[in-house]
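Okay, structure first, notes after.
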Amino acid sequence: MVDLGNVTLGPLDQSVLVGPFSLEEGDDTLWVNITQISPQQEWNFSYALLWWESTDGRQLGTQKVYGQQLGEIFRFGVGLAPVERDGRIYIAPRAYNRRWISIDNPPEWVLNFEATSGYTGTGTGPPAFGIRATLGTLANLANVRIPYEIIDGIAYLSTP
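Read in order, the letters of the sequence shown are residues 135 to 294 in this note's numbering.
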């Protein structure tokens, strides 16, 4: 995993840049490991929204994250590689607990981020010809039926 460093969050922060991250060619999934650095006790003030964003938007989705002192890995992906591989990881704390906003000297939430990308798709594309259902009809570019038969899993064109 690539260490993206620490990010310090406060109750009034909106969207905070964690850092740039580029997916490798052909990768469709991003994993982000988040470890709570401080405070040293359980964080009970809020959660945060985390996402990877490219010039084409949030193509890998958004995750709701909580702080874990031992760390937790979050997976981002929708089964398709993003159009643009270069992007940035952002986090936005959600201060649902008014106590975090209203107390004097509210604690800061410090998180460490690591990320890596990979491929988790279900295959290399559609199955080979003759394996998937074809309904017994092929057509050429003029939409004229081309007769064929499958013998031992191989399609043979029939001559008219």
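Here a beta-carbon is modelled for each residue, glycine too, at the ideal position from N, C-alpha and C.
With respect to the 8 Å criterion, R209 and T169 are not classified as neighbours on the basis of their beta carbons.
DSSP, read as helix, strand or coil, puts I235 in helix.
Listed as beta-bridge partners of S251 by DSSP are L164. Using a Cβ distance threshold of 8 Å, F247 and V150 do not count as a contacting pair.
Taken through DSSP and simplified to helix, strand or coil, R219 comes out as coil. According to DSSP, residue pairing for R228 in a beta bridge involves Y181. According to the DSSP secondary-structure assignment, Q170 is paired through a beta bridge with L245. Using a Cβ distance threshold of 8 Å, I223 and G153 count as a contacting pair.
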